[in-house]
Amino acid sequence: MVLTCGIIEDELLGRDLLARYISRVPNLQLKWTKGSVEELQEANAGNPLQHSVDIVFLDLWSEMYGNRSNAYMFVEKYGHIILTTAYPEVLVGTLPFSYVGVLNKPISFDKFQETLEGVLYRLKELRMPHGKETDVPH
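Here the sequence shown stands for residues 2 to 139, where the numbers follow the working numbering.
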């Protein structure tokens, strides 16, 4: 079964790195990359489900605690979220939305694979397709 992915990362090098990692994993397919949550919102103005994927790799930065928190909750509709962040995990635990995994920067391929395997196991355990109500503990 092929799982589709999207990347939301403001830095081009970060997007390229994640895209390379995704391409190295069998059964993962990169569907899109965006520079921000706002860019995803604009792209979906006419068709809100056109960017739906199984997994979204979402870069986290400090501005999300301001007016952007609603924008991040918007992303939950498009896939199960794996956060990519340079912030400490204790800070990540206070987020106002659900996520299924965390990748701390800098991201090595080994850490990417390890986190992805854990996420895939958890998603398989849930046996719920994206879009269904579920409470994924983090």
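All C-beta atoms in this analysis are idealised placements derived from N, C-alpha and C, irrespective of residue type, glycine included.
Sort the options by Cα distance to residue i and report the nearest one.
{"i": "Phe98", "options": "Gln114, Val3, Asp111, Leu84", "result": "Leu84"}
{"i": "Ile168", "options": "Asn48, Glu39, Glu77", "result": "Nothing about residue 168 can be reported from this structure: the residues present for the chain run from 2 to 139 only."}
{"i": "Tyr88", "options": "Tyr122, Arg25, Ile108", "result": "Ile108"}
{"i": "Gly15", "options": "Glu115, Lys106, Leu117, Asn48", "result": "Lys106"}
{"i": "Ser53", "options": "Leu61, His81, Asp60", "result": "His81"}
May I have the straight-line CA-CA distance separating residue i from residue j, to the nearest angstrom?
{"i": "Asp111", "j": "Ser37", "result": "26 angstroms"}
{"i": "Asn28", "j": "Thr34", "result": "18 angstroms"}
{"i": "Asp11", "j": "Glu126", "result": "32 angstroms"}
{"i": "Glu39", "j": "Ile9", "result": "10 angstroms"}
{"i": "Val101", "j": "Arg123", "result": "8 angstroms"}
Terminal residues of the continuous alpha helix (DSSP H) containing residue i?
{"i": "Leu14", "result": "13 to 24"}
{"i": "Gln42", "result": "38 to 44"}
Counting along the chain, where does the beta strand (DSSP E) carrying residue i start and finish?
{"i": "Gly102", "result": "102 to 105"}
{"i": "His81", "result": "81 to 86"}
{"i": "Gln30", "result": "29 to 35"}
{"i": "Ile56", "result": "56 to 60"}
{"i": "Ile175", "result": "This structure does not reach residue 175, given that the chain is present from 2 up to 139, and the question cannot be answered."}
When burial is assigned at 16 or more other CB atoms within 10 Å of the CB, is residue i buried or exposed?
{"i": "Asp17", "result": "exposed"}
Report back the beta-carbon spacing between residue i and residue j to the nearest angstrom; my notes put them in contact at under 8 angstroms.
{"i": "Thr86", "j": "Leu61", "result": "4 angstroms"}
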